[in-house]
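Worksheet: one structure, shown below.
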Amino acid sequence: MFRYTHALVCRVPVAFRTRAEIDLEEARRQHEALCRLLRELGVDVVELPPDELHPECVFVEDTAVICNGVALITRPGAPHRQGEVDTVRAVLKKELGLPIVEISDEAAKLDGGDVLFTGREFFVGLSEWTNEAGARALAASFPEFSVTPIKVSPGVRLEGGQQGHALQVSAARSLHSTPPHPPPASLPLIILSPLEPPQLTPNLRQVSEPRHLKALVSMAAPDVLCVSKGAASQEVLRRIEREASFSYQTLTVPEDSAANVLSVNGTLIHRSAAEAPETCKVEHRFILNFPIRKLSRMLNLFF
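In terms of the UniProt record's numbering, the sequence shown opens at residue 1 and continues consecutively.
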């Protein structure tokens, strides 16, 4: 199983835009809690300063895709976010010494949140932020891996009332300490953004809402996909199973928001029991009797 050595994160700016009101200081404290957890897992955390000119800079994973020691600088689908890549490019090149690949096609749109790497192949979500030209750019940058586009349908959120989000990070040692088949190459760097938040709004009116691929499917362990029981997540899973070059096990969780997890160096980072109680029961059975560690602070980080 490959081990991550570095993680790139970005601190929360004062100008952070979100769909809900947040406690900025609490969000920052909880972002620090995530960084502490990553360091406990043996990851060297590289923290970017908050960029007040780009309020969504905290979602740093959208700006680059790193694989086999090469960093592809993306072209974020939201025009107001495209300036975020400048800082990320400089850090990856000057501080981490990674070769940089740029996307030359001006028509391409590519968000890192739409890129799922299984260790064997890429799946790219075609969403509001990523198009086929972006998927082709990814394929050209990493020709050693197959790249499969997956259509991502928009979701529905409830709007009109008070919104609140809470995310607690729990760490659980994964059942699969080694993959059934060794991955072809190590991945030395991860770029982390906050996990996709749940929607807790009262049922007032439904609004169509775009989403990234990794809001619907993520890697729970080597060769293990995490999806929810929701229709959109299951549709993405069917498409992956139909198009994949390799076979994967599946961890299916009850709550839609719980499909977005992090698997870091043998540890599964997932939502708290308070936020996704049924999911935690499933994941605890999945990891059997391995110890569960939870952070003391709630992690209020939002998309």
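For every residue, glycine included, the Cβ atom is placed at its ideal position computed from N, Cα and C.
These figures come from a predicted structure and were not determined experimentally.
Rounded straight-line distance, which links the Cα of residue j to that of residue i
i, j, result
"P149", "F117", "12 Å"
"I269", "S218", "11 Å"
"H31", "A64", "20 Å"
"K94", "T87", "11 Å"
"V261", "A107", "31 Å"
"Q234", "V227", "7 Å"
"A171", "L237", "Because the pLDDT of A171 is 46, which lies under 50, any placement of that residue in the model is unreliable, and the number read from its coordinates should be weighed accordingly. If I take the Cα positions, the gap works out to 25 Å."
"C57", "V14", "11 Å"
"L216", "A232", "7 Å"
"Q82", "T250", "34 Å"
"D223", "F2", "12 Å"
"E128", "L37", "32 Å"
"L225", "A90", "32 Å"
"L53", "V85", "13 Å"
Residue range of the alpha helix (DSSP H) that includes residue i
i, result
"H31", "24-40"
"S141", "132-141"
Cβ-Cβ distance between residue i and residue j below 7 Å
i, j, result
"E241", "T279", "no"
"H212", "G113", "yes"
"A27", "V12", "yes"
"L126", "K151", "yes"
"A137", "D105", "yes"
"L72", "S153", "no"
"P99", "V70", "yes"
"A273", "A258", "no"
Bounding residues of the beta strand (DSSP E) (the contiguous stretch that carries residue i)
i, result
"I103", "Per DSSP, I103 belongs to no beta strand (DSSP E) and is neither H nor E."
"D44", "44-48"
"S272", "Unbroken run through S272: none, as it is neither H nor E."
"S245", "Per DSSP, S245 belongs to no beta strand (DSSP E) and is neither H nor E."
"V264", "262-264"
"V12", "It is not in any beta strand (DSSP E) - V12 carries neither H nor E in the DSSP assignment."
Which residues DSSP lists as bridging residue i, in chain order
i, result
"V227", "V217, T252"
"V91", "V91 is not bridged to any residue."
"C67", "V70"
"G125", "I150"
"C57", "Per DSSP, none; premise fails for C57."
"R75", "L110"
"F117", "F122"
Does the segment 45-57 touch the segment 119-126, meaning 3 or more C-beta pairs lie closer than 8 Å?
With a cut-off of 8 Å, the segment 45-57 and the segment 119-126 do not count as touching, because too few Cβ pairs lie within range.
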